[in-house]
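**Student:** Can you keep this structure in mind? I'll have questions shortly.
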Amino acid sequence: MREFGFMLVFFAVTLCNFPAFAQIDFAGQWSPRYHEDYPERIPGPSLVEYHGIPINEAGRLRGLSWSPSLLTLPEHQCKPHPSDYAHRGPGRMRIWNEFKSDSQQLIAIHTRLRWQAPERTIWMDGRSHPPAYSAHTWQGFSTGKWDGETLVVTTTHLKQGWLRRNGLPRSDLAHVTEHFIRHENYLTQIVVISDPVYLSEPFIRSNNWVLDPRSSIDPYLCDIVVEIERPAGSVPHYLPGMNPFVGEYAELYGLPLEGTLGGAKTMYPSFIE
Amino acid sequence: MKLAMTRMLLSRSVWFLFTCLTLIFLGSVLISPRIGYGQPSLNFDDIEIDVLHVQGNVYMLVGAGGNITLQVGREGVLIVDSMYPELADKVLGVIRELSDQPIRYLINTHVHPDHIGGNAILAQAGTNFAAGNVAGVIDDAANTATIIAHENVLFRMSSRETPPPFEAWPTDTFFNSSKEVYFNGEAVRVLHQPTAHTDGDSIVFFRRSDVISTGDLFVTTSYPYIDLARGGSIQGIVGALNQILELTVPADRQEGGTMVIPGHGRLCDEADVVEYRDMLTIIRDRIQYMVDQGMSLREVQNARPTLDYDGRYGAESGFWTTEQFVEAVYVGINQGG
Numbered sequence: 000m001r002e003f004g005f006m007l008v009f010f011a012v013t014l015c016n017f018p019a020f021a022q023i024d025f026a027g028q029w030s031p032r033y034h035e036d037y038p039e040r041i042p043g044p045s046l047v048e049y050h051g052i053p054i055n056e057a058g059r060l061r062g063l064s065w066s067p068s069l070l071t072l073p074e075h076q077c078k079p080h081p082s083d084y085a086h087r088g089p090g091r092m093r094i095w096n097e098f099k100s101d102s103q104q105l106i107a108i109h110t111r112l113r114w115q116a117p118e119r120t121i122w123m124d125g126r127s128h129p130p131a132y133s134a135h136t137w138q139g140f141s142t143g144k145w146d147g148e149t150l151v152v153t154t155t156h157l158k159q160g161w162l163r164r165n166g167l168p169r170s171d172l173a174h175v176t177e178h179f180i181r182h183e184n185y186l187t188q189i190v191v192i193s194d195p196v197y198l199s200e201p202f203i204r205s206n207n208w209v210l211d212p213r214s215s216i217d218p219y220l221c222d223i224v225v226e227i228e229r230p231a232g233s234v235p236h237y238l239p240g241m242n243p244f245v246g247e248y249a250e251l252y253g254l255p256l257e258g259t260l261g262g263a264k265t266m267y268p269s270f271i272e
Numbered sequence: 000m001k002l003a004m005t006r007m008l009l010s011r012s013v014w015f016l017f018t019c020l021t022l023i024f025l026g027s028v029l030i031s032p033r034i035g036y037g038q039p040s041l042n043f044d045d046i047e048i049d050v051l052h053v054q055g056n057v058y059m060l061v062g063a064g065g066n067i068t069l070q071v072g073r074e075g076v077l078i079v080d081s082m083y084p085e086l087a088d089k090v091l092g093v094i095r096e097l098s099d100q101p102i103r104y105l106i107n108t109h110v111h112p113d114h115i116g117g118n119a120i121l122a123q124a125g126t127n128f129a130a131g132n133v134a135g136v137i138d139d140a141a142n143t144a145t146i147i148a149h150e151n152v153l154f155r156m157s158s159r160e161t162p163p164p165f166e167a168w169p170t171d172t173f174f175n176s177s178k179e180v181y182f183n184g185e186a187v188r189v190l191h192q193p194t195a196h197t198d199g200d201s202i203v204f205f206r207r208s209d210v211i212s213t214g215d216l217f218v219t220t221s222y223p224y225i226d227l228a229r230g231g232s233i234q235g236i237v238g239a240l241n242q243i244l245e246l247t248v249p250a251d252r253q254e255g256g257t258m259v260i261p262g263h264g265r266l267c268d269e270a271d272v273v274e275y276r277d278m279l280t281i282i283r284d285r286i287q288y289m290v291d292q293g294m295s296l297r298e299v300q301n302a303r304p305t306l307d308y309d310g311r312y313g314a315e316s317g318f319w320t321t322e323q324f325v326e327a328v329y330v331g332i333n334q335g336g
């Protein structure tokens, strides 16, 4: 009887002390797969290629004003991709967990990407997001929680960034929700961007990786140099109605110009048909 | 019966909707952050002063009105701007939680009431370093903190129809491009930015802590308030932003490094100033082009040259609307400023 009691207590303690651990572990080295949106992600999007993105009128004007020469300004050269875009780029991803040493509670999940080496922390300890007056960062402030075996990540406090690396803007008021799902050695990420400034509807896209234990992540250095001498304070941009590349992409691929200018309707099959 | 139920539900829905819209309207009027010059009808009793440690010796205080920058060390306390007078005691309470040393310096970035309102109370709570040619008792010369500002701040303050109390006026002014103080083990540079938000603007650069306090020529909550009547101009603001970018050095991956405390809004770094500078330069260039085409102010406003930034910085009502901002840029360009 005494042994039975001891066993009962043992099982009860074991069950009660089961740490609040990730329902599934994402730690490891992951290599991206580019079968989704390859032309946009690796060769890169064309200028004025906005279709499939639910931008509003303000987002379109901002995109059409954008000149690639902006990236030659020293203060623009070392900007990393923000966390809602960075996973689209080339390069592997490392994921590692951080545990509290005594309780082995999962405190945070960290990620680092090869391209531009952005490091990111997803807080798993239930902390709240910082107040509105706190600084914004390229990776934003992320908290995660489990929905079954799906990791749901909420990100705020992002710096003003981009939806596509051809000048389509995403504001610093955006709110991003990600869903990370692991199926054996495959990892899928669904990104939902809500932006009250430049989107008329949430923008959703997905990325995929394969576990790749043999891969590594190189250091990434960025050195700012003056590439073109310009008058102090000049900011390259196109005046409204004067972007010389409007229509170039549409003409190259035989697409209607209206479609290439994006907007919510260009996301749906009814428009594409 | 069914019809009556439907009417009742509809009636309740309409009242519910009306109540919600009224609450939203009142909320937006009472709670939304305001900018700049005018004093909003705030209930100061409900406002808390939040403290954010920026880096080094420097803190940012957030409440109502302009942000306050605080530098704290063994020699005492240096304050940049002072919010509204109604909040000065709360500000003082926060300062006393961070330091028991005397307030030695108060620097004003410009003359607007939401930045100088607490001057008298905060300065009188401090003591100055005094020595040398003092007529009378030397302690009398040291019984308030020194208030530093560009001389145009003093001119504007003292020439008002109803000037603030004499105790709020700057006691140590400068008329050239900068003033320097070495305090709490770091160089503090007060750099005049001519014809920017006003004609008396200064930014304050804490060199060791690597923090810049900008006043209202850089805010994250709205388009900049260009106070044409007090010597402000779009060109001066863009020039000042470019000077801030000359001083800032970002850390790794264009983030952190020199931190920037705006006049209103959240803590920033170089990349945020770049974004704001780019925006203002683009809008200025657009309006300049329209002016060159001979467009009238109304035509320029109707063309909406700020459309792509209005969702972030614009306002259709309140103290500083998008229409007023476009007008200020238009007038400034036409005046050659």
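From first to last, the protein sequence lines are chains H and C. Under numbering that gives the first Met the number 0, the residue at position 11 of the first sequence is numbered 10, and the numbers go up by one with no gaps. Under numbering that gives the first Met the number 0, the residue at position 145 of the second sequence is numbered 144, and the numbers go up by one with no gaps. By construction, the Cβ of each residue, glycine as well, lies at the ideal position given by its N, Cα and C atoms.
So for R87 (chain H), helix, strand or coil by DSSP?
**Tutor:** Reduced to three states, the DSSP call for R87 (chain H) is helix.
**Student:** Once the 5 residues before and after L296 (chain C) are set aside, which same chain residues still bring their CB inside 7 Å of it?
**Tutor:** The residues are E326, Y329.
**Student:** Of all Cβ atoms in chain C, is any one closer than 8 Å to the Cβ of R163 (chain H)?
**Tutor:** Closer than 8 Å: no.
**Student:** Please name the residues in the stretch 119–140 of chain H whose beta-carbon is closer than 8 Å to at least one beta-carbon of chain C, in chain order.
**Tutor:** If the cut-off is 8 Å between Cβ atoms, the stretch 119–140 of chain H has P130, A131, Y132, S133, A134, H135, T136, W137 near chain C.
**Student:** Tell me which residues of the stretch 189–213 of chain H have at least one Cβ-Cβ distance to chain C shorter than 8 Å, keeping chain order.
**Tutor:** Residues P195, V196, Y197.
**Student:** Taking contact to mean 3 or more Cβ pairs, one atom from each stretch, closer than 8 Å, check whether the stretch 253–264 of chain C and the stretch 209–223 of chain C are in contact.
**Tutor:** Cβ pair count under 8 Å is three or more, so yes.
**Student:** Quick one: what's got a C-beta closer than 6 Å to D80 (chain C)'s C-beta in the same chain, skipping five residues either side?
**Tutor:** Here the set comprises G65, I67, T108, H114.
**Student:** Applying a beta-carbon distance threshold of less than 7 Å, which residues of chain C neighbour V234 (chain H)?
**Tutor:** Correct list: D277, T280, I281.
**Student:** Return the CA-CA distance between D146 (chain H) and F179 (chain H), expressed in angstroms with no decimal places.
**Tutor:** Looking at the two C-alpha atoms, the distance is approximately 10 Å.
**Student:** Taking K89 (chain C) as part of the alpha helix (DSSP H), name the residues at either end of that continuous run.
**Tutor:** Taken as a continuous stretch (DSSP letters only), the alpha helix (DSSP H) holding K89 (chain C) covers 87–97.
**Student:** Closer than 7 Å to a non-hydrogen atom of the ligand GDP - does that hold for the CB of Q115 (chain H)?
**Tutor:** The ligand GDP is not among the ligands present in this structure, which contains no ligands whatsoever.
**Student:** Three or more C-beta pairs closer than 8 Å, one from the stretch 180–195 of chain C and one from the stretch 160–167 of chain C: is that the case here?
**Tutor:** Cβ pair count under 8 Å is below three, so no.
**Student:** From M278 (chain C) to V299 (chain C), what does the alpha carbon distance come to, in whole angstroms?
**Tutor:** If I take the Cα positions, the gap works out to 17 Å.
**Student:** Buried or exposed for I274 (chain H), please, with buried defined as at least 16 other CB atoms from any protein chain shown within 10 angstroms of its CB.
**Tutor:** This structure leaves residue 274 (chain H) out entirely; chain H is present only between 0 and 272.
**Student:** Is the beta carbon of S66 (chain H) closer than 8 Å to that of Y237 (chain H)?
**Tutor:** Taking 8 Å as the Cβ cut-off, Y237 (chain H) and S66 (chain H) qualify as a contacting pair.
**Student:** Three-state secondary structure (DSSP) at R32 (chain H)?
**Tutor:** Three-state DSSP puts R32 (chain H) in a strand.
**Student:** In angstroms, rounded to a whole number, what distance separates the CA positions of A228 (chain C) and N175 (chain C)?
**Tutor:** One C-alpha to the other measures close to 22 Å.
**Student:** Pick helix, strand or coil for M156 (chain C), following the three-state DSSP scheme.
**Tutor:** DSSP places M156 (chain C) in helix when its eight states are reduced to three.
**Student:** For P89 (chain H), go through chain C and note every residue whose CB falls closer than 9 Å to its CB, in chain order.
**Tutor:** In chain order: nothing, as chain C lies at least about 17 Å away.
**Student:** Buried or exposed: where does I271 (chain H) fall if 16 or more other Cβ atoms within 10 Å of its Cβ makes it buried?
**Tutor:** That one is exposed.
**Student:** Measure the C-alpha to C-alpha separation of F244 (chain H) and E274 (chain C) and round it to an integer number of angstroms.
**Tutor:** Rounded to whole angstroms, F244 (chain H) to E274 (chain C) spans 23 Å at the Cα level.
**Student:** Look at the alpha carbon of A144 (chain C) and the alpha carbon of I48 (chain C), and state the distance between them as a whole number of angstroms.
**Tutor:** Computed Cα separation, rounded: 21 Å.
**Student:** Who are the Cβ neighbours of P304 (chain C) in its own chain at under 8 Å, not counting the five residues just before and after it?
**Tutor:** Hits under 8 Å: I282, R285, I286, M289, V325.
**Student:** Cβ of Q103 (chain H) less than 8 Å from any chain C Cβ?
**Tutor:** Chain C contact via Cβ: absent.
**Student:** Take the Cβ of I203 (chain H) as the centre, count every other Cβ of all protein chains shown within 10 Å, and call the residue buried at 16 or more, exposed below.
**Tutor:** Exposed.
**Student:** Using alpha carbons as the reference points, say which of C:Q123, C:R276, C:H196, C:K89 lies closest to G232 (chain H).
**Tutor:** Nearest of C:Q123, C:R276, C:H196, C:K89 to G232 (chain H), Cα basis: C:R276.
**Student:** Tell me which residues share the same chain as G116 (chain C) and place their Cβ nearer than 7 Å to its Cβ, disregarding the 5 neighbours each side in the sequence.
**Tutor:** Only G64, S81, M82, Y83, P84 meet the Cβ criterion.
**Student:** By the 10 Å Cβ neighbour count, where 16 or more other Cβ atoms means buried, how is R61 (chain H) classified, buried or exposed?
**Tutor:** By the neighbour-count rule (16 or more Cβ atoms within 10 Å), R61 (chain H) is buried.
**Student:** With DSSP as the reference, label D171 (chain C) as helix, strand or coil.
**Tutor:** DSSP places D171 (chain C) in strand when its eight states are reduced to three.
**Student:** Buried or exposed: which applies to Q192 (chain C), given that a residue is buried once 16 or more other Cβ atoms fall within 10 Å of its Cβ?
**Tutor:** It counts as buried.
**Student:** Do we get a CB-CB distance below 8 Å when we pair P44 (chain H) with the residues of chain C?
**Tutor:** No - not a single Cβ of chain C is within 8 Å of the one on P44 (chain H).
**Student:** Hey, out of C:V53, C:G317, C:Q54, C:K89, whose CA is closest to D45 (chain C)'s CA?
**Tutor:** Nearest C-alpha to D45 (chain C): C:K89.
**Student:** Whole angstroms are fine: how far does the CA of Q334 (chain C) sit from the CA of G37 (chain C)?
**Tutor:** For G37 (chain C), the predicted structure reports a pLDDT of 48, less than 50, and the residue's modelled location is therefore unreliable. A value from the coordinates is still provided. Approximately 25 Å between the Cα atoms of the pair.
**Student:** According to DSSP, is V272 (chain C) helix, strand or coil?
**Tutor:** Reduced to three states, the DSSP call for V272 (chain C) is helix.
**Student:** Taking 8 Å as the CB-CB cut-off, is Y288 (chain C) touching chain H?
**Tutor:** Yes, Y288 (chain C) counts as interfacial toward chain H.
**Student:** Hey, which unbroken runs of the alpha helix (DSSP H) at 4 residues or more fall wholly within the stretch 49–112 of chain H?
**Tutor:** Listed in chain order, the complete alpha helix (DSSP H) runs (minimum 4 residues) inside the stretch 49–112 of chain H are 56–64, 73–76.
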